[in-house]
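Below is one structure, written out as structure tokens, with a few remarks after it.
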Amino acid sequence: MSNPICIFIPSGAGAPGFAGIIRCLREQISWRIIAGDTNPLAYGQALADVFMQMPASNDESLFIDEVIAVCNKEKVNIVLPITTRELEILAINSDRIQKAGAQLLLSSAQALSIANNKGKLYEFVQKLHLPIPEYRIVSDAAAFEKASIELGIKSRELCFKPVLGNGSRGFGRMVSFQQNQTNWMDQKAGILPLTLGEWLQRLPKHWEMPLLLSRYLPGIEYSVDMLCNQGKTLLCIPRTRDKMIGGISVAGKFEQNFGLIAFCIQLAEALHLHGPIGMQWKEDQQGVPHLLEINPRLQGTTSVVALAGLNIPVLAIQMLLGRPSSQTVSNGVWGKKFVRFWDERLVE
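Set out below in structure tokens:
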């Protein structure tokens with residue numbers, strides 16, 4: 008009997024989306040799953056076959072050495088990253104991972120250097136003539152104030168995010184004084200919109216990581232789950248983000264938006280993306296989708312696509328193993344709504 012496929016998820020065993028991803032992988036009952044996280048009490052230890060407490064990836068040398076050590080010790084076949092901050096480190100060291108006997112399910116370092124950096128990504132997308140919100144890149148308070156005025160803060164809402172970031176960290180919304188006076192009582196705790204003056208009081212005079220400041224689009228927001236093979240799109244499933252908690256989608260609808268699908272296919276080909284990919288888009292007042300960002304990895308909510316009969320984590324691994332599927336989205340799925348909920352586990 009051949010040895011079972013061993014999959015190593017180096018970090019993210021405590022991430023909200025980990026449970027859905029591992030549930031998808033468990034459909035292949037013979038697969039062995041190793042999960043890592045910096046937190047020794049990450050809930051994923053209760054779901055994986057083996058749990059590894061990993062060093063933080065900001066210590067690149069220590070992190071990649073530990074990844075290689077786990078690959079060698081556990082005879083790992085597939086390294087499946089699910090958190091943004093480790094992607095480029097792993098891609099740069101793909102040769103070392105391969106020498107340890109494992110395959111890395113990830114785009115190239117060159118593609119990631121653009122896809123992960125919102126400033127570089129927006130510049131790249133402009134050259135493709137695909138729609139993006141009007142934006143500025145700012146690194147200090149003076150530029151932030153000037154750009155906010157240029158983008159029309161007096162009459163429209165703006166938002167900003169670090170050009171390199173993980174999840175919704177560093178995201179902010181900005182409104183005019185009039186909007187803030189009328190809406191603040193309706194806002195739940197979390198990301199409260201502030202005025203330009205309030206943000207200038209909170210922000211330092213200079214910051215190391217540039218911010219992408221852009222118009223906040225008013226329309227429907229989409230998350231698109233894709234599976235790509237060296238730039239060729241195999242699957243592309245848009246879903247609306249109807250309700251979010253802490254930046255995590257908890258309700259939505261599968262929508263066959265042909266224009267949006269065409270945008271995604273064009274962008275994936277231009278960047279030569281590979282593996283499971285997520286793209287975030289939002290419509291303007293005319294209903295035209297504009298790119299917000301790319302997650303060049305499994306998204307936390309990708310597991311809901313399994314409800315549409317497409318298990319992207321499993322299909323991605325089978326593709327890497329040379330067993331690609333010809334599955335497509337059933338027409339009966341489009342228009343279906345989904346919801347997500349929490350679960351609990353004891354950990355030791």
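Residue 8 is where the sequence shown starts when you use the numbering used here, and the numbers rise one by one after that.
Ideal Cβ placement from N, Cα and C applies to all residues, glycine included.
All of these numbers come straight from a predicted model, not from anything done at the bench.
Item                                                                                                                                                                   : Value
Hey, how far is the Cα of M181 from the Cα of P217?                                                                                                                    : 17 Å
Between the C-alpha atoms of P225 and L305, what's the straight-line distance to the nearest angstrom?                                                                 : 26 Å
Identify every residue that forms a DSSP beta bridge with E228.                                                                                                        : K289
So what's T45 in DSSP terms, helix, strand or just coil?                                                                                                               : coil
Rounded to whole angstroms, what is the Cα-Cα separation between R330 and Q110?                                                                                        : 14 Å
Determine the burial state of I156: buried for a count of at least 16 other Cβ atoms within 10 Å of its Cβ, exposed for fewer.                                         : exposed
Please report the distance separating the alpha-carbon of N264 from that of N79.                                                                                       : 44 Å
Between which residues of its own chain and V387 is the CB-CB distance below 6 Å, once the five residues before and five after are set aside?                          : Residue 387 cannot be examined here, being either before or after the span of the chain that is shown, 8 to 355.
I'd like to know whether the C-beta atoms of L278 and A118 end up nearer to each other than 8 Å.                                                                       : yes
Between V170 and the rest of its own chain, which residues show a CB-CB distance below 6 Å, the 5 nearest in sequence each way excluded?                               : N124, K125, G126, P217, L219
Give the single residue among E276, F261, K344, L234 whose Cα lies nearest to the Cα of N6.                                                                            : Residue 6 is absent from the model: the chain starts at 8 and stops at 355.
In whole angstroms, give me the CA-to-CA distance for A323 and I85.                                                                                                    : 11 Å
Enumerate in chain order the residues of its own chain whose CB-to-CB distance from S230 is below 7 Å, with the five nearest sequence positions on each side excluded. : R246, R248, S256, G285, Q287, Q306, T308
To the nearest angstrom, how far is it from the Cα of Q293 to the Cα of A258?                                                                                          : 24 Å
Output the distance between the C-alpha atoms of D44 and S64, rounded to the nearest integer angstrom.                                                                 : 10 Å
Hey, E93 and S18 are a contact pair by Cβ (cut 8 Å); roughly how many whole angstroms apart?                                                                           : 6 Å
Measuring only the C-alpha atoms, how far is L165 from I29?                                                                                                            : 36 Å
Is A49 buried or exposed, if buried means 16 or more other CB atoms sit within 10 Å of its CB?                                                                         : buried
Using the three-state DSSP reduction, which class does S120 fall into: helix, strand or coil?                                                                          : helix
Can you tell me which residues form a DSSP beta bridge with K250?                                                                                                      : A258
Please report the distance separating the alpha-carbon of G253 from that of G24.                                                                                       : 13 Å
Is it true that the CB of I244 sits closer than 8 Å to the CB of V346?                                                                                                 : no
Nearest to F70 by alpha carbon, out of R103, V340, E290?                                                                                                               : R103
Check each candidate in E141, E130, T202 and name the one with the smallest Cα separation from E152.                                                                   : T202
With a cut-off of 8 Å on the beta carbons, I'd call P296 and L267 a contact; round off their distance for me.                                                          : 5 Å
Please give the ranges of any alpha helix (DSSP H) in the region 56-128, keeping only runs that are unbroken, at least 4 residues long and fully inside the region.    : 67-81, 94-99, 101-106, 116-122
I'd like the list of long-range same chain contacts for I144, defined as Cβ closer than 8 Å, with 5 residues on each side in sequence excluded.                        : G126, V170, P217, L218, L219, L220
For V354, which residues of its own chain have a beta-carbon under 8 Å away from its beta-carbon, when the five flanking residues on both sides are left out?          : L48, A49, Y50, Q52, A53
If we ignore side chains and look at the alpha-carbon of each, how far apart do K250 and E81 end up?                                                                   : 40 Å
Expressed to the nearest angstrom, what Euclidean distance is found between the alpha-carbon atoms of E215 and A22?                                                    : 26 Å
Mapping DSSP to helix, strand and coil, what is N338?                                                                                                                  : helix
Compute the distance between the beta-carbons of N338 and H281, then report whether it is under 8 Å.                                                                   : no
Do you know whose CA, among H213, Q105, S115, R222, lies nearest K161's CA?                                                                                            : R222
Taking DSSP as the reference, what is the three-state secondary structure of V346?                                                                                     : strand
Got a sec? Which residues, its chain only, sit under 7 Å from L32 by beta carbon, not counting five neighbours each side?                                              : I14, W38, I40, P320, V321
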